[in-house]
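In the working numbering, the protein residues as written are 7 to 355.
Step one of this worksheet: look at the structure below.
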Ligand code: F6P
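Okay, structure coming up:
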């Protein structure tokens, strides 16, 4: 067989481990050939690819980023996109495509199924927002990086008796904020799923200070928003005007700076902000992410050979299973509110 592979959307730690697993499994177990399309769906549209073999994939398991490159190109936004994809795959003799991505990349793979493209999905994203799988690779590393940052911010916050707002990634969901916030002992965790009341946040910080805790770490997802009202209007104003990508997502960032200013204004406490940004996506993957990405890659090749097109490999109860891509991308997997309220809630404030 000839298998194509691409990595699309935001990069994350573990992509190279997944590529390596697909290539080694395909070549060594099935004597398949693998080509890697460059820069996500853009490579398939423009017919840009590289041959991948065991030799090329040596020593990449620990490497961050993706040797294939990535982009947020959406073939359905390009002239004749789906037809170009199908024609290029056919011209290269590609029997099946392994699409490694999040909701956007896999959503395209699912829609292309209706245009005759045979695709199997592999879930990745630091946001951990894909349904159908308990976890995506990239998430564990991002949480580890955010937790280490919070640990460091705590000591400087304590020295200066400050509030430090730490803005983490998470466009629609607060998985990174919740996990890193719990692990880092944050005083407040603010997530997109639960609009926050800035005055209540400030009241709780003041109560901490009255109780003798003169420094606080507030973890906020980049996609968190204040509850409707003047605060929401003011936050919108401070963070608006960002460009939008081909999937309709605005570039986020800035809510943390807005919140730090509000905290300083409403409490009089000195406040600072740290935006972790792409530090959370860069660098070497954790052992957990390397293993998960490897398991997914091996399972994706098995799915290709079983003709299980339109499915995504997933982790459920410790086992690798297949779920319809359509189910995985139908809606975002939001934060478990029981974890947020009953577990994280015990330690907040
Ligand atoms: O891949 C998911 C993500 O990291 C989101 O958390 C974040 O909003 C977005 O990507 C940032 O995208 P870009 O790297 O294109 O700015």
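Every residue, glycine too, gets a C-beta built ideally from N, C-alpha and C.
**Prompt:** For the beta strand (DSSP E) that contains residue 322, what are its first and last residues?
**Reply:** Position 316 of the chain shown, counted from the first residue, corresponds to residue 322. Note, residue 322: beta strand (DSSP E), 317–322.
**Prompt:** Do residue 150 and residue 338 have their CB atoms nearer than 9 Å?
**Reply:** As a working mapping, residue 150 is identified with position 144 in the chain shown. As a working mapping, residue 338 is identified with position 332 in the chain shown. The answer is no: Cβ separation not under 9 Å.
**Request:** Please indicate yes or no: does the CB of residue 70 lie closer than 8 Å to some heavy atom of the ligand F6P?
**Result:** Indexing the chain shown from 1 puts residue 70 at position 64. Not so, every heavy atom of the ligand F6P lies at least 8 Å from the Cβ.
**Prompt:** Where residue 72 and residue 132 are concerned, what is the direct C-alpha to C-alpha distance, given to the nearest angstrom?
**Reply:** Along the chain shown, read from residue 1 onward, the residue named residue 72 stands at position 66. Along the chain shown, read from residue 1 onward, the residue named residue 132 stands at position 126. Straight-line Cα distance between these residues: approximately 14 Å.
**Request:** Determine the DSSP secondary structure at residue 63, reduced to helix, strand or coil.
**Result:** As a working note, residue 63 is residue 57 in the chain shown. In the structure shown, residue 63 sits in coil (DSSP, three-state: anything other than H, G, I, E or B).
**Request:** For the alpha helix (DSSP H) holding residue 210, just list the boundary residues, first then last.
**Result:** Translated into the one-based positions of the chain shown, residue 210 becomes position 204. Segment 204–216, the alpha helix (DSSP H) holding residue 210.
**Request:** Locate the beta strand (DSSP E) running through residue 194, then write down its first and last residues.
**Result:** As a first step, residue 194 is located in the chain shown; it is residue number 188 there, counting from the start. Residues 194–196.
**Prompt:** What do you get for residue 130, buried or exposed, if any count of 16 or more other CB atoms within 10 angstroms of its CB means buried?
**Reply:** Here the question's residue 130 lines up with position 124 in the chain shown. Buried: at least 16 other Cβ atoms inside 10 Å.
**Asked** With distances taken between CB atoms, is the gap from residue 195 to residue 170 smaller than 9 Å?
**Response** As a position in the chain shown, residue 195 is number 189, starting the count at 1. As a position in the chain shown, residue 170 is number 164, starting the count at 1. No, the Cβ-Cβ distance between residue 195 and residue 170 is not below 9 Å.
**Request:** Please look up how many angstroms separate the CB atoms of residue 153 and residue 186, rounded, as I've assumed it's under 8 Å.
**Result:** Looking up residue 153 in the chain shown gives position 147. Looking up residue 186 in the chain shown gives position 180. With a Cβ gap of about 5 Å, residue 153 and residue 186 count as contacting.
**Cβ-based neighbour list, residue 331, same chain, cut-off 7 Å, excluding 5 preceding and 5 following** = Walking along the chain shown from the start, residue 331 turns up at place 325. Answer for residue 331: 112, 115, 116, 127, 316, 317 and 318, listed in chain order.
**Request:** Go ahead and label residue 2 buried or exposed: buried means 16 or more other beta carbons lie within 10 angstroms of its beta carbon, across all protein chains shown.
**Result:** Only positions 7 to 355 of the chain appear in this structure, which leaves residue 2 out of reach.
**Asked** How about residue 208: is its Cβ closer than 8 Å to a heavy atom in the ligand F6P?
**Response** In the chain shown, residue 208 corresponds to position 202, counting from 1. It does not: the Cβ of residue 208 is nowhere closer than 8 Å to a heavy atom of the ligand F6P.
**Prompt:** Quick one: any contact between the segment 8–24 and the segment 69–87, if contact means 3 or more CB pairs under 8 Å?
**Reply:** yes
**Asked** Three-state secondary structure (DSSP) at residue 280?
**Response** Here residue 280 refers to the residue found at position 274 of the chain shown. Here residue 280 sits in strand by DSSP.
**Prompt:** Considering residue 54, what are the terminal residues of the alpha helix (DSSP H) in which it resides?
**Reply:** In the chain shown, residue 54 corresponds to position 48, counting from 1. Note, residue 54: premise wrong, no alpha helix (DSSP H); not H, not E.
**Prompt:** Just the Cα atoms here: how many angstroms apart are residue 53 and residue 12?
**Reply:** As a working note, residue 53 is residue 47 in the chain shown. As a working note, residue 12 is residue 6 in the chain shown. Taking the straight line joining both Cα atoms gives about 12 Å.
**Request:** Identify the continuous beta strand (DSSP E) that holds residue 140 and give its terminal residues.
**Result:** In the chain shown, counting from the first residue as 1, residue 140 sits at position 134. Taken as a continuous stretch (DSSP letters only), residue 140 belongs to no beta strand (DSSP E), as it is neither H nor E.
**Message:** Please classify residue 249 as buried or exposed, where buried requires at least 16 other C-beta atoms within 10 Å of its C-beta.
**Reply:** For this step, residue 249 is matched to residue 243 along the chain shown. So residue 249 ends up on the exposed side.
**Asked** Alpha carbon to alpha carbon, what distance is there between residue 320 and residue 96?
**Response** Position 90 of the chain shown, counted from the start, is the residue given in the question as residue 96. Position 314 of the chain shown, counted from the start, is the residue given in the question as residue 320. Each residue's Cα considered, the two are about 28 Å apart.
**Message:** I need the DSSP call for residue 8, collapsed to helix, strand or coil.
**Reply:** For the purposes of this step, residue 8 is identified with residue 2 of the chain shown, where counting begins at 1. Here residue 8 sits in strand by DSSP.
**Message:** Which residue marks the beginning of the alpha helix (DSSP H) containing residue 240, and which one marks its end?
**Reply:** What you label residue 240 is simply residue 234 of the chain shown in a count that begins at 1. It spans 236–245 - the alpha helix (DSSP H) in which residue 240 sits, taken as one unbroken run.
**Asked** How would you call residue 218, buried or exposed, if buried means at least 16 neighbouring beta carbons within 10 angstroms?
**Response** In the chain shown, the residue the question calls residue 218 occupies position 212. Exposed, because fewer than 16 other Cβ atoms sit within 10 Å of the Cβ of residue 218.
**Message:** Closest to residue 48 by C-alpha separation, out of 36, 91 and 29, would be which residue?
**Reply:** Walking along the chain shown from the start, residue 48 turns up at place 42. Comparing Cα positions, the closest option is 91.
**Prompt:** Assuming residue 310 and residue 9 make a contact with CB atoms under 8 Å, what is their CB distance in whole Å?
**Reply:** Here residue 310 corresponds to residue number 304 of the chain shown, with the count starting at 1. Here residue 9 corresponds to residue number 3 of the chain shown, with the count starting at 1. Residue 310 to residue 9, Cβ: 6 Å. Contact.
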